[in-house]
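Colleague:
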Amino acid sequence: MSYLNSVSIIGFVGADPQQRQTRRNGSPFTVLSVATQRSWKTSDDEWTSKVEWHRVAIFRPRLAEHVLGAIKKGSHVLVEGSLVRSTLEQSNGKGKKSKPAKITLWTIRADVVRKLDRNELEAAALVPSSSADGDRTTPPSDAAPF
0 MSYLNSVSII GFVGADPQQR QTRRNGSPFT VLSVATQRSW KTSDDEWTSK VEWHRVAIFR
60 PRLAEHVLGA IKKGSHVLVE GSLVRSTLEQ SNGKGKKSKP AKITLWTIRA DVVRKLDRNE
120 LEAAALVPSS SADGDRTTPP SDAAPF
C-alpha cells in the first residue's frame, strides 16, 4: 500500500518572502507566509469565517529565487507541495525539574508556487470589441480566456 503526502492551497501572501539559511549546512531557502480562509454557516444561519496562516518553505534553488523576485505581499498564489512536521523543545524556565514544552510546527515544503494575479499589462492590453455595444472589451486572441 502506498501513501500520499500532498498539499495544495490557494491564498494570499501575508509578507514579502524571506531568504534564510539552514542550520546544518547553511544552504539557502525561502520562507513564505500564505493566508487561506474558510467560511461556514452558524446555527443562527449566519456566515462566519476564519483565516488560517500557513508557513511555506521553498528549498528548490531556482523556485526559491523566482519566488523572491516575483512574489510580494498581497500576491494571490497557488502552492503545491508536501506537509512536513517538526518538533521543538522550549524550556519554560520554572526550575530544574520542569519538563520542556514540546511545540509541533507544520510547514508546507513547496514544489510549485504559481502566482495567480493578473498583471496590469494584461488589463491594459484589453481592446474594444467590434460588437454593437462599443462599451465591451475583449482580451486579445493570444490571451488566456480566464
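Sequential numbering of the sequence shown, starting at 0, is according to numbering that gives the first Met the number 0.
The C-beta atom is built at its ideal place from N, Cα and C for all residues, glycine as well.
Assuming residue 27 is part of the beta strand (DSSP E), what are its boundary residues?
Modeller: Residues 27 to 40.
Colleague: Please work out which residues of its chain come closer than 6 Å, Cβ to Cβ, to residue 108, disregarding the five sequence neighbours upstream and downstream, and give them in chain order.
Modeller: For residue 108, where only same-chain residues beyond five positions count, the Cβ hits under 6 Å are 56, 80, 81, 83.
Colleague: Helix, strand or coil, according to DSSP, for residue 104 in the structure here?
Modeller: Residue 104: strand per DSSP, three-state reduction.
Colleague: Could you have a look at residue 63 and say whether DSSP puts it in helix, strand or coil?
Modeller: It is helical.
Colleague: Within 10 angstroms of the Cβ of residue 29, are there 16 or more other Cβ atoms? Answer buried if so, exposed if not.
Modeller: So residue 29 ends up on the buried side.
Colleague: Just to check my reading of the structure: residue 50 and residue 76 have Cβ atoms closer than 8 Å, yes? What is that Cβ distance to the nearest angstrom?
Modeller: So it is not a contact: roughly 15 Å between Cβ atoms.
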